[in-house]
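Numbering (the working numbering), first residue to last: 11 to 363.
For every residue, glycine included, the Cβ atom is placed at its ideal position computed from N, Cα and C.
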């Protein structure tokens, strides 16, 4: 009987607490990350650049690169810039776009990545996926997990609250995503990775059940840990299944059909999750989820983010086309326009306006 049955791809360091940024140099001095102190640091022009003055004295041997945005071209350019530097590691300091650019560039050059996110907008901060804008719209690219993740809750608190709200919606949507995975298992025999499912579900439930709010360090700690666990769950399973079901199909449909009007990723995922829970007949769970989202200031109705009922119906009807081959409650029910409209009206009554 083998003792070691699975190696889990995960960071060697996860440091989540107030003031964590002050110990960034100590984390980077770990021999598994950097033995020479030669580091490349990618920063955004916003939050990352503002922190550079504070962080730079800790990293005298670092070379800094300001990344323009979150496009594939930006990531390729960053990779080309750091290729000749003989660096030990790449540090991504900034929001989600910068972290994704840094993940892609590090993978392209073969360097370990240290993720230092400045907000908690979604679970990409520790996922094996880099989401980047390209000429065709937006693409997802497989990359290694970060070798280390450092989240300073003081920095998170200083970010606009909309980022925290988005992260809440993304984390809570795990509960719906796992329900879709279990449905695919029952109907189609799709294999479930039990460990990945348990990690993602518990991450979502921890946020869903926590009584605190976005101003509380205890709640932010739980949210940050949940987003990290969600990313690791995706690595364990080898795809986004643990954190992406009908909720994310609805999110992608908003982005594709209404690119100029779409809300944040997490807002759309949270709304999609609450509605998907109602679709599968889990009406009490749907109402509870909607209540929690509302308590944190997230939308639970299409009207909350500026869409009409007819537009939301169009989003739900189109959503299965965004992820061909993925089986969720949307594919299972195969609802038509009038059915979606009727169920949405019932959902609105069930959760209260």
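| said: I'd like to check one pair, residue 328 with residue 312: are the Cβ atoms closer than 8 angstroms? | reply: no
| Any idea if residue 360 is buried or exposed, counting beta-carbon neighbours within 10 angstroms, 16 or more meaning buried? | exposed
| task | Use the C-beta contact count for residue 34: other C-beta atoms within 10 angstroms, 16 or more gives buried, fewer gives exposed. | result | buried
| query | Excluding five sequence neighbours on each side, which residues of the same chain lie with their C-beta closer than 7 angstroms to the C-beta of residue 203? | reply | 246, 247
| Cβ-based neighbour list, residue 48, same chain, cut-off 6 angstroms, excluding 5 preceding and 5 following | 71, 97, 98
| query | Just checking my contact of residue 58 with residue 15 at CB under 8 angstroms: how many whole Å lie between their CB atoms? | reply | With 8 angstroms as the limit, residue 58 and residue 15 do not qualify as a contact, their Cβ atoms being about 40 angstroms apart.
| said: Taking 6 angstroms as the limit between beta carbons, can you name the residues of its chain near residue 118, skipping five residues before and five after? | reply: 89
| task | Whole angstroms is fine: what's the gap from residue 309's alpha carbon to residue 277's? | result | 6 angstroms
| request: With a cut-off of 8 angstroms on the beta carbons, I'd call residue 364 and residue 188 a contact; round off their distance for me. | output: There is no way to answer for residue 364, as the model of the chain reaches only from 11 to 363.
| query | Is the stretch 160 to 170 touching the stretch 228 to 245, taking contact as three or more C-beta pairs under 8 angstroms? | reply | yes
| query | So, is residue 274 buried or exposed, given that buried needs 16 or more other C-beta atoms within 10 angstroms? | reply | buried
| query | Got a sec? Which residues, its chain only, sit under 6 angstroms from residue 332 by beta carbon, not counting five neighbours each side? | reply | 259, 262, 263
| message | Which residue marks the beginning of the beta strand (DSSP E) containing residue 337, and which one marks its end? | response | Where residue 337 is concerned, there is no enclosing beta strand (DSSP E), given that its DSSP letter is neither H nor E.
| request: Can you check the stretch 146 to 209 for any alpha helix (DSSP H) of at least 4 residues that lies completely inside it and give the ranges in chain order? | output: 163 to 168, 171 to 198
| message | Less than 7 angstroms separating the Cβ of residue 52 from some heavy atom of the ligand SAM? | response | Here there are no bound small molecules, and the ligand SAM is not part of this structure.
| query | Where residue 210 and residue 220 are concerned, what is the direct C-alpha to C-alpha distance, given to the nearest angstrom? | reply | 16 angstroms
| Going by the beta-carbon positions, is the gap between residue 256 and residue 339 smaller than 8 angstroms? | yes
| Would you call residue 156 buried or exposed, if buried means 16 or more other Cβ atoms sit within 10 Å of its Cβ? | buried
| query | Skipping 5 residues on each side, what residues in its chain have a beta carbon closer than 7 angstroms to that of residue 358? | reply | 311
| query | Expressed to the nearest angstrom, what Euclidean distance is found between the alpha-carbon atoms of residue 17 and residue 179? | reply | 30 angstroms
| message | Within a Cβ cutoff of 6 angstroms, which residues of the same chain sit near residue 195, ignoring the five residues on either side of it in sequence? | response | 202
| Counting pairs of beta carbons, one from the stretch 345 to 355 and one from the stretch 292 to 303, are three or more of them closer than 8 angstroms? | no
| So, helix, strand or coil for residue 227, using DSSP? | helix
| Which ranges does the beta strand (DSSP E) cover as unbroken runs of at least 3 residues, wholly within the stretch 73 to 121, from first to last along the chain? | 99 to 104
| query | If you draw a straight line from the C-alpha of residue 227 to the C-alpha of residue 28, how long is it? | reply | 8 angstroms
| task | Work out the CA separation of residue 66 and residue 190 for me, nearest whole Å. | result | 45 angstroms
| Apart from the five residues just before and just after residue 3, which ones in its own chain have a Cβ nearer than 7 angstroms to its Cβ? | In the structure displayed, the chain extends from 11 to 363; residue 3 sits before or after that span and is not available.
| task | Evaluate residue 110 with the Cβ neighbour count: other Cβ atoms within 10 Å of its Cβ, from every protein chain shown; 16 or more gives buried, anything less gives exposed. | result | buried
| Distance between residue 131 and residue 102 (C-alpha atoms, nearest Å) | 15 angstroms
| field | Residues bridged to residue 60 [DSSP beta-bridge criterion] | value | Answer is none; residue 60 lacks a bridge partner.
| If we call anything under 8 angstroms between Cβ atoms a contact, is residue 137 one with residue 241? | yes
| task | Check the C-beta distance from residue 94 over to residue 115 and give it rounded, since I have them as a contact under 8 angstroms. | result | Going by Cβ atoms, the distance from residue 94 to residue 115 rounds to 13 angstroms, so no, they are not a contact pair.
| Using the rule of at least 16 other Cβ atoms within 10 Å of the residue's Cβ for burial, across every protein chain shown, is residue 104 buried or exposed? | buried
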